[in-house]
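Engineer:
Residue numbers (our numbering), protein chains in the order written: chain A, 2 to 331; chain B, 2 to 331.
1) Starting from residue 235 of chain B, trace the beta strand (DSSP E) both ways and give me its first and last residue.
2) Looking at the structure shown, is residue 75 of chain A part of a helix, part of a strand, or coil, going by DSSP?
3) At what residues does the alpha helix (DSSP H) containing residue 311 of chain B begin and finish?
4) Any C-beta of chain A within less than 8 Å: which residues of the segment 251-268 of chain B qualify?
5) Once you ignore the five residues that flank residue 60 of chain A on each side, which residues in its own chain have a CB closer than 6 Å to its CB?
6) Below 8 Å on the Cβ atoms is my contact criterion, and I expect residue 111 of chain A with residue 64 of chain A to pass it. Report the Cβ-Cβ distance as a whole number of Å.
7) CA-CA distance, residue 80 of chain A and residue 287 of chain A?
8) Taking 9 Å as the threshold (beta carbon to beta carbon), is residue 229 of chain B in contact with chain A?
9) Could you give the first and the last residue of the continuous alpha helix (DSSP H) run that contains residue 52 of chain A?
10) State the DSSP-derived secondary structure class of residue 278 of chain A, mapped to helix, strand or coil.
11) For the segment 67-84 of chain B, which residues have a beta carbon sitting closer than 8 Å to at least one beta carbon of chain A?
12) Just to make sure I have the definition right: I need the residues of chain B whose C-beta is within less than 9 Å of the C-beta of residue 141 of chain A. Which are they?
13) Under 7 Å between beta-carbons, which chain A residues line up against residue 271 of chain B? List them in chain order, please.
14) Identify, in the order they occur along the chain, each residue of the same chain with its Cβ nearer than 6 Å to the Cβ of residue 231 of chain A, setting aside the five sequence neighbours on each side.
15) Going along chain A in order, which residues have a C-beta closer than 7 Å to the C-beta of residue 274 of chain B?
16) So, residue 73 of chain A versus residue 6 of chain A, is the Cβ gap smaller than 9 Å?
17) Measuring only between beta-carbons, confirm whether residue 136 of chain B sits less than 9 Å from chain A.
18) For residue 178 of chain B, which of helix, strand or coil comes out of DSSP?
19) With C-beta atoms as the reference, is residue 218 of chain B less than 9 Å away from residue 149 of chain B?
20) On a CA-only basis, which of A/28, A/306, A/224 is nearest residue 44 of chain A? Give me that one, please.
21) Can you find at least 3 beta carbon pairs, one from the segment 304-322 of chain B and one from the segment 168-175 of chain B, that sit closer than 8 Å?
22) How big is the Cα-Cα spacing for residue 200 of chain B and residue 161 of chain B?
23) Less than 8 Å between C-beta atoms, sequence neighbours within five positions excluded: which residues of the same chain meet that for residue 318 of chain A?
24) Helix, strand or coil: which one does DSSP assign to residue 22 of chain B?
25) Indicate whether residue 299 of chain B and residue 290 of chain B have their beta-carbon atoms separated by less than 9 Å.
26) Going by the DSSP bridge assignment, what does residue 31 of chain A pair with across the sheet?
27) Does the beta-carbon distance from residue 163 of chain A to residue 274 of chain A come in below 9 Å?
28) If you follow the beta strand (DSSP E) that residue 220 of chain A is in, where does it begin and where does it stop?
29) For residue 38 of chain A versus residue 126 of chain A, is the C-beta spacing smaller than 9 Å?
30) Rounded to the nearest angstrom, what separates residue 324 of chain B and residue 140 of chain A at their Cα positions?
31) Between the segment 161-177 of chain A and chain B, which residues of the former have a C-beta closer than 7 Å to a C-beta of the latter?
32) Residue 120 of chain B lies in the alpha helix (DSSP H); which residues open and close that run?
This is how it looks when you write it as structure tokens:
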């Protein structure tokens with residue numbers, strides 16, 4: 002029987018168990034994938050802790066948004082995809098229903114995208130959450146364009162790495178933030194226009210200096226909490242703030258008067274708000290695949306663990322040492 | 002010498018003084034208006050208190066955004082407007098530089114719009130702040146369209162009254178909120194689809210009931226503070242929240258996780274964010290003048306005071322009894 006990762010209660014990484022489970026019956030719109038690689042996301046840490054946008058509604062629960070694999074079986078109403086194709090999953094389903102952490106996993110057809118043959122599995126599994134979020138947040142929602150300044154917080158994350166590449170691909174200037182001074186060099190090497198170490202530097206003074214007082218045009222934030230006030234302060238007139246994460250556990254205070262002075266816009270962004278429009282989803286996939294092929298955006302894999310070391314992999318992600326993506330292979 | 006309202010320190014309504022002042026020299030881009038009527042706004046209460054988006058940078062300070070009057074003189078570079086024309090001011094200047102509370106006032110040419118002859122001065126002076134804010138907030142920024150539900154908070158204000166009319170003119174359904182149960186009838190008579198008395202009713206339960214669980218598509222809020230969390234809770238998926246005021250003195254907490262679940266967008270709206278685009282300003286003026294002429298939007302004047310009773314007029318506005326606009330006449 003194939004191995005799959007499940008958990009029986011919310012909690013620390015130890016709650017994750019690798020178990021053998023029978024292959025489930027496919028529903029009409031589903032496919033069965035033999036998994037080559039699995040991309041890890043903070044969303045799964047939060048889901049495991051019962052602190053994600055959705056909380057497990059049954060136990061044992063599976064988890065995981067990203068997998069690359071070969072289609073082994075298709076449901077009766079699967080129309081576009083065929084057995085034998087190599088696909089990646091887009092993180093646009095509910096973890097109540099599906100999870101990518103396993104050797105053989107069931108996925109809904111609507112979540113699939115063809116995986117280019119030239120991409121190794123480990124790389125392909127590290128692209129879609131990050132690239133969809135970066136494209137949807139920066140380009141589709143934030144409207145980032147040439148010459149603009151963009152603040153990318155938590156820039157050493159998987160999303161941050163791709164977001165920096167994507168911002169550069171439209172000729173925007175990236176101000177990358179990190180809490181960890183040891184990551185400064187990595188971020189400069191990754192193409193940041195400048196790097197702010199938020200635990201050591203005065204963010205506002207530095208953004209003012211970098212932007213010659215104009216402020217940042219777009220802000221792409223994984224943090225929330227007190228970061229939001231700082232971003233409003235760092236914003237240009239009409240600045241666009243795209244919030245996509247909740248790394249901070251602080252209360253998020255919104256500085257209303259300052260926001261009105263600057264006429265800022267705040268978008269709470271999830272990929273769902275883009276991919277629900279089929280035309281827009283197609284556009285996003287094409288943008289990302291084109292730039293992958295051109296080498297303008299590149300997978301950034303920090304470390305690969307075997308599926309059986311999922312507990313260690315989650316702990317490593319929680320330790321916040323990584324620069325880029327963590328990947329599991331069955 | 003013409004009389005003008007000034008104040009020498011921030012404070013309660015008593016700080017306002019009616020004084021005779023010499024007519025100032027016109028600069029190249031300015032006009033001199035003999036004022037027929039002055040529309041009052043909460044912006045001026047806040048400015049008088051030193052709590053507006055801008056605070057007085059010199060004393061004595063004038064104040065006031067809206068006036069209707071006849072052009073008496075023009076500066077050397079005034080090109081579009083002529084002596085003798087009847088104009089209204091759009092509230093798109095800084096009160097550091099200009100104020101409308103007076104018998105003869107100087108205004109920059111860029112703030113002027115021609116005033117239709119059929120509109121009595123008292124009505125004309127009560128239109129532009131409200132109508133620009135309502136158009137800019139609801140239509141230009143909020144994208145309100147036919148069939149949508151829109152929550153309009155503090156709906157009995159001058160902006161609220163016009164916003165309700167404008168929302169109805171695009172066939173949206175208005176959920177009006179007020180703190181004062183005595184205003185419920187007025188708001189229903191003004192065309193609200195439903196009225197929520199926020200001091201008496203559970204806003205979320207009522208919005209859910211009114212919208213059959215879907216939530217409100219657009220929210221147009223003058224309040225801030227705890228209202229913002231309520232609006233995020235009351236929002237539909239992808240709901241657009243337009244904040245344009247700070248009536249509440251509470252801290253504005255932003256419920257980030259809930260906002261992400263719903264993918265809401267929050268716009269901090271001021272007219273400046275629209276009128277800085279000349280094409281968009283023209284479009285806004287035309288939209289408003291067309292609907293005034295059609296009688297689809299109507300001035301809603303609550304009470305008229307003489308200019309010399311400016312202290313009483315400000316106190317009346319602060320008492321929050323009014324339904325519609327308060328106007329001064331010299």
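For each residue, glycine too, the CB sits at the ideal point set by N, CA and C.
Structural biologist: Taking the structure as given:
1) For this step, residue 235 of chain B is matched to residue 234 along the second chain. Element bounds for residue 235 of chain B: not the beta strand (DSSP E) but the alpha helix (DSSP H), 227-235.
2) By one-based count along the first chain, residue 75 of chain A stands at place 74. It is a strand residue.
3) Position 310 of the second chain, counted from the start, is the residue given in the question as residue 311 of chain B. First-last of the alpha helix (DSSP H) with residue 311 of chain B: 311-320.
4) 252, 253, 254, 255, 256, 257, 258, 260, 261, 262, 263, 264, 265, 266, 267, 268
5) Along the first chain, one-based indexing puts residue 60 of chain A at 59. These residues qualify, in order along the chain: 9.
6) The residue labelled residue 111 of chain A in the question sits at position 110 within the first chain. The residue labelled residue 64 of chain A in the question sits at position 63 within the first chain. That belief does not hold up - the Cβ atoms of residue 111 of chain A and residue 64 of chain A are roughly 19 Å apart, past 8 Å.
7) As a first step, residue 80 of chain A is located in the first chain; it is residue number 79 there, counting from the start. As a first step, residue 287 of chain A is located in the first chain; it is residue number 286 there, counting from the start. In a straight line, the C-alpha of residue 80 of chain A is about 20 Å away from that of residue 287 of chain A.
8) Against the second chain, residue 229 of chain B aligns to sequence position 228. It does: the Cβ of residue 229 of chain B has a partner Cβ on chain A nearer than 9 Å.
9) Sequence index remark: in the first chain, residue 52 of chain A carries index 51 (1-based). It is not in any alpha helix (DSSP H) - residue 52 of chain A carries neither H nor E in the DSSP assignment.
10) In the first chain, residue 278 of chain A corresponds to position 277, counting from 1. Looking at residue 278 of chain A - three-state DSSP - the assignment turns out to be coil, as it is neither helix nor strand.
11) Across the segment 67-84 of chain B, no CB contact with chain A closer than 8 Å is found for any residue.
12) Here the question's residue 141 of chain A lines up with position 140 in the first chain. Here the premise fails: no neighbours, minimum Cβ distance about 12 Å.
13) For this step, residue 271 of chain B is matched to residue 270 along the second chain. What residue 271 of chain B touches in chain A: 261, 264.
14) The residue you call residue 231 of chain A lines up with position 230 of the first chain. If we look at residue 231 of chain A and ignore the five residues flanking it on each side, its Cβ neighbours are 204.
15) The residue given as residue 274 of chain B occupies position 273 in the second chain. Going along chain A in sequence order, the residues near residue 274 of chain B (Cβ under 7 Å) are 239, 264.
16) Here residue 73 of chain A refers to the residue found at position 72 when the first chain is read from its first residue. Here residue 6 of chain A refers to the residue found at position 5 when the first chain is read from its first residue. It is not a contact, given that the beta carbons lie outside the stated cut-off.
17) Translated into the one-based positions of the second chain, residue 136 of chain B becomes position 135. No, residue 136 of chain B does not count as interfacial toward chain A.
18) Here residue 178 of chain B corresponds to residue number 177 of the second chain, with the count starting at 1. Strand, per DSSP.
19) As a working mapping, residue 218 of chain B is identified with position 217 in the second chain. As a working mapping, residue 149 of chain B is identified with position 148 in the second chain. Yes. Within cutoff.
20) On the first chain, residue 44 of chain A is found 43 positions in, with the first residue counted as 1. Residue 44 of chain A has its Cα closest to that of A/224, out of A/28, A/306, A/224.
21) By the Cβ rule, the segment 304-322 of chain B does not count as touching the segment 168-175 of chain B, because fewer than three pairs are nearer than 8 Å.
22) Stepping through the second chain from its first residue, residue 200 of chain B is reached at position 199. Stepping through the second chain from its first residue, residue 161 of chain B is reached at position 160. Each residue's Cα considered, the two are about 18 Å apart.
23) Here residue 318 of chain A is taken as the residue at index 317 of the first chain, counted from 1. So the qualifying residues of the chain are 41, 43, 46, 327.
24) Position 21 of the second chain, counting from 1, holds the residue named residue 22 of chain B. Residue state, collapsed to three classes: coil.
25) For the purposes of this step, residue 299 of chain B is taken as residue 298 along the second chain, with counting starting at 1. For the purposes of this step, residue 290 of chain B is taken as residue 289 along the second chain, with counting starting at 1. For residue 299 of chain B and residue 290 of chain B, no; Cβs fall outside 9 Å.
26) Position 30 of the first chain, counting from 1, holds the residue named residue 31 of chain A. Answer by DSSP bridge pairing, in chain order: A/109.
27) Here residue 163 of chain A corresponds to residue number 162 of the first chain, with the count starting at 1. Here residue 274 of chain A corresponds to residue number 273 of the first chain, with the count starting at 1. No; because the gap between Cβ atoms is not below 9 Å, this pair is not in contact.
28) Walking along the first chain from the start, residue 220 of chain A turns up at place 219. Looking at the DSSP string, the run of the beta strand (DSSP E) that includes residue 220 of chain A is 217-222.
29) Here residue 38 of chain A corresponds to residue number 37 of the first chain, with the count starting at 1. Here residue 126 of chain A corresponds to residue number 125 of the first chain, with the count starting at 1. Contact flag set, yes.
30) Along the second chain, one-based indexing puts residue 324 of chain B at 323. Along the first chain, one-based indexing puts residue 140 of chain A at 139. When the Cα atoms are used, residue 324 of chain B and residue 140 of chain A turn out to be separated by approximately 44 Å.
31) Within the segment 161-177 of chain A, no residue has its Cβ closer than 7 Å to any Cβ of chain B.
32) Here residue 120 of chain B corresponds to residue number 119 of the second chain, with the count starting at 1. No alpha helix (DSSP H) contains residue 120 of chain B, which DSSP labels as neither H nor E.
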